[in-house]
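Asker:
Chains as they are written, first to last, in this note's numbering: chain A, 1 to 452; chain B, 1001 to 1285.
1) Assess, as a yes-or-no matter, whether the region 1121-1138 of chain B is touched by the region 1085-1100 of chain B under the definition of 3 or more beta carbon pairs within less than 8 Å.
2) Considering just the uninterrupted stretch of the alpha helix (DSSP H) at residue 425 of chain A, what are its terminal residues?
3) Give the secondary structure of residue 16 of chain A by DSSP, where H, G and I count as helix, E and B as strand, and everything else as coil.
4) Between which two residues does the alpha helix (DSSP H) carrying residue 1217 of chain B extend?
5) Let me know the secondary structure DSSP gives residue 395 of chain A once reduced to three states.
6) Check each residue of the region 1126-1156 of chain B: if its Cβ is closer than 9 Å to any Cβ of chain A, include it; give the result in chain order.
7) Pull the bridge partners of residue 52 of chain A from the DSSP assignment, please.
8) Between residue 408 of chain A and chain B, is the shortest Cβ-Cβ distance under 8 Å, so that the two count as touching?
9) Take every Cβ of the region 203-219 of chain A, pair it with every Cβ of the region 74-94 of chain A, and state whether three or more of those distances are shorter than 8 Å.
10) In chain order, what residues of the region 1042-1070 of chain B put their CB closer than 7 Å to some CB of chain A?
11) Using a Cβ cut-off of 8 Å (strictly closer), state whether residue 1009 of chain B contacts chain A.
12) Just to confirm the assignment: which complete alpha helix (DSSP H) runs, minimum length 4, are found wholly within the region 1069-1103 of chain B?
13) Does the CB of residue 1220 of chain B have a neighbour CB from chain A at under 8 Å?
14) Can you check which of these residues, A:316, A:312, A:309, is closest to residue 300 of chain A by C-alpha distance?
15) Contact check, residue 307 of chain A vs residue 340 of chain A under 8 Å by CB: the rounded distance?
16) Considering only C-alpha positions, which residue in the set B:1154, B:1107, B:1160 is nearest to residue 1143 of chain B?
17) Can you pull the chain A residues whose beta carbon is under 7 Å from the beta carbon of residue 1035 of chain B, in chain order?
18) When the Cα of residue 1147 of chain B is compared with those of A:350, A:285, A:194, A:190, which residue comes out closest?
19) How far does the alpha helix (DSSP H) with residue 252 of chain A in it extend, from its first residue to its last?
20) Contact criterion: CB-CB distance below 8 Å. Does residue 1028 of chain B meet it with respect to chain A?
21) With DSSP run on the structure shown, which of helix, strand or coil describes residue 1122 of chain B?
22) So residue 151 of chain A is in the alpha helix (DSSP H); what residue range does that whole segment cover?
23) Of all Cβ atoms in chain A, is any one closer than 8 Å to the Cβ of residue 1124 of chain B?
24) DSSP beta-bridge partners for residue 1161 of chain B?
25) Closest to residue 58 of chain A by CA distance: which of A:110, A:11, A:178 is it?
26) Would you grab the beta carbon distance between residue 368 of chain A and residue 83 of chain A for me? Rounded to a whole angstrom, and I think it's under 8 Å.
27) Run through DSSP, which three-state label would residue 241 of chain A get?
28) Could you tell me whether the region 101-109 of chain A touches the region 1022-1041 of chain B, where touching means 3 or more Cβ pairs closer than 8 Å?
29) Does residue 1261 of chain B have its Cβ less than 8 Å from a Cβ in chain A?
30) What distance in whole Å lies between the Cβ atoms of residue 7 of chain A and residue 50 of chain A, which are believed to be in contact at a cut-off of 8 Å?
31) Which residue from A:33, A:87, A:70, A:115 puts its Cα closest to that of residue 1052 of chain B?
32) Please compile the residues from chain A whose C-beta is within a distance smaller than 7 Å of the C-beta of residue 1280 of chain B.
33) Give the residues from the region 336-365 of chain A that approach chain B closer than 8 Å (Cβ to any Cβ), ordered along the chain.
34) Residues of chain B with CB closer than 9 Å to the CB of residue 385 of chain A, please, in chain order.
35) Is the Cβ-Cβ distance between residue 380 of chain A and residue 144 of chain A less than 8 Å?
36) If we define contact as Cβ-Cβ less than 8 Å, is residue 1120 of chain B a contact residue for chain A?
And the structure:
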């Protein structure tokens, strides 16, 4: 009869434990990264002579309801998303510095200079046309240097962003290392540290937006992480990354404290590195090509002509400065617009032949097999075109992430209604077990009463 | 919640399309439309510049044409005087007076043909910062020629240039020799009271009148052509602008119906969202 007490005691204990687990679930329903837990129970019994006797209930374990595979896939998608988001932000900035709806973009500025040369070819003696031409040429050169400066600024911001991302990654790796030791301790003692495991999930989620990695769990339950195939988090050690930047050649290397080089091609960091090394310099190079083509083509024609003042030939742009950042109209012409060469013959004030040839440049394929204005339109549209592509990619990723998150939520998320109904169930179980105990006590009392 | 947010951002985008009147303002809103519209706009800009060249060319061409018409009138006056002078009834005094009249007409022709547009002499060719005709008694017929033989031009289309005037050199070069020399010879013959010589000069003045009329009508052709090209640009611009508009401007009917659709979706998502959150077992415990 004593077993009745043992059975009811095990029932009370199991119900109480179950209640505490379900209460914890309810309380943590909105805690980020929390994984719902479930009590696993089995009945206890022993074989007696001729029959099998039940001896109550035993709690075998408390399980975290999480699908690790979904987490792995989700983190991969988040790496992609982090990569695309960062790239979209950078292209957004670049687009803002290259194209606007105000009507003063590079293509319009180049077109206006051609317009003024066309006017000059019709009115070579008109000083107001010459002055307007100088103003337009100045506006074109300042536009080029503005864009060039903005691209440089974006490049610096990307560099800063990459550095702060690296700091974040290092911090997360340190946190994961600390969690690793708590988790392995729990595993070795047979009592899994669910709180640390939940925090690990949260940290990995954060890390996946920042850098591409592969994860693996060791036999001891510790997490190992590899970036570009190189181990950055081991069972008992977290590496530290640092950036090695060559701002002249635009190279960005990641080196671990162990001296190994790591290559990141995903997440926010991967996007920053790709844009810093390739995306931004490519745009800058194309912009510089526009500037150097302007200088070369204009000077070649202009230096064959004559201004109003004398029989000397001159360059239109200063040939010493051929980058977008420093292109400028030559000092001679700035000093006297009469030196702008419109005429193909010395002393012919009404000859607009050279100005006409310069105006005709707008129809010639002088840069990348295209006209200068068309090439400039293509150039200023490049960030926006990339941005538009990336946004489509982001929409797809976003819906994949939402789907997988919903899938994981179904598995690991807390359904308060379900937990409340289980709470009622456990309360009933507790009451039932207590009733068994009370019945056993009455039986004992009855028995003891007989002996009095 | 994601649907609610997406609807909200779509709604904001449609509202911005409606308020700005443009669907594509920056490349990312429609890269292909942006690029194509900008390239068409460059073409429109180029053609507007050609129109501006043509306007300037037309003003100068018409001034030159008027000056040439006046020159023709003056030459006809000279022919009239010449015919009267060749008549045997005129005596030496009358012919001297006639010679003075011819000289006066020549001076006024020089004045007319030295006309400038701004600081550009219309009949000087490309040597247009100098007076083309100098009445100095040195050159042929007493008028020195400073003009060269390259006419001033304007570009009216890709690779198409039109003369907007006649050079002084060409104007003077009649079938009967230098225009002012023809006039000078008439003046001289009148002063010499040489009726026979005067009779022989009628063909010369006729040639001169015909020459000036011919170059005037050639200039007239160019003026007409400029006017025609100008009008052509006007009409192609309308179609080009409507192409641009189709690519980048907001289609109001479509945008309004889109706004309506998103609004309904947004309201539904909000309603479902708040309804779902109201349902909980907690309410029944």
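Glycine is no exception: its CB is placed at the ideal position from the N, C-alpha and C atoms.
Answerer: Walking through what the data contain:
1) no
2) 416-451
3) helix
4) 1202-1248
5) helix
6) 1126, 1127, 1128, 1129, 1130, 1148, 1150, 1152, 1153, 1154, 1155
7) A:47
8) no
9) yes
10) 1042, 1045, 1046, 1049, 1052, 1053, 1056, 1057
11) no
12) none
13) no
14) A:316
15) 6 Å
16) B:1107
17) 377, 378, 381
18) A:350
19) Per DSSP, residue 252 of chain A belongs to no alpha helix (DSSP H); it is in the beta strand (DSSP E), 251-256.
20) yes
21) coil
22) 127-188
23) yes
24) B:1155
25) A:11
26) Their Cβ separation, rounded to whole angstroms, is 29 Å, which puts residue 368 of chain A and residue 83 of chain A out of contact at 8 Å.
27) strand
28) yes
29) no
30) Residue 50 of chain A to residue 7 of chain A, Cβ: 20 Å. No contact.
31) A:115
32) 416, 417
33) 343, 345, 347, 348, 349, 350, 351, 352, 356, 359, 360, 362, 363
34) 1027, 1028, 1031, 1032, 1034, 1035
35) no
36) yes
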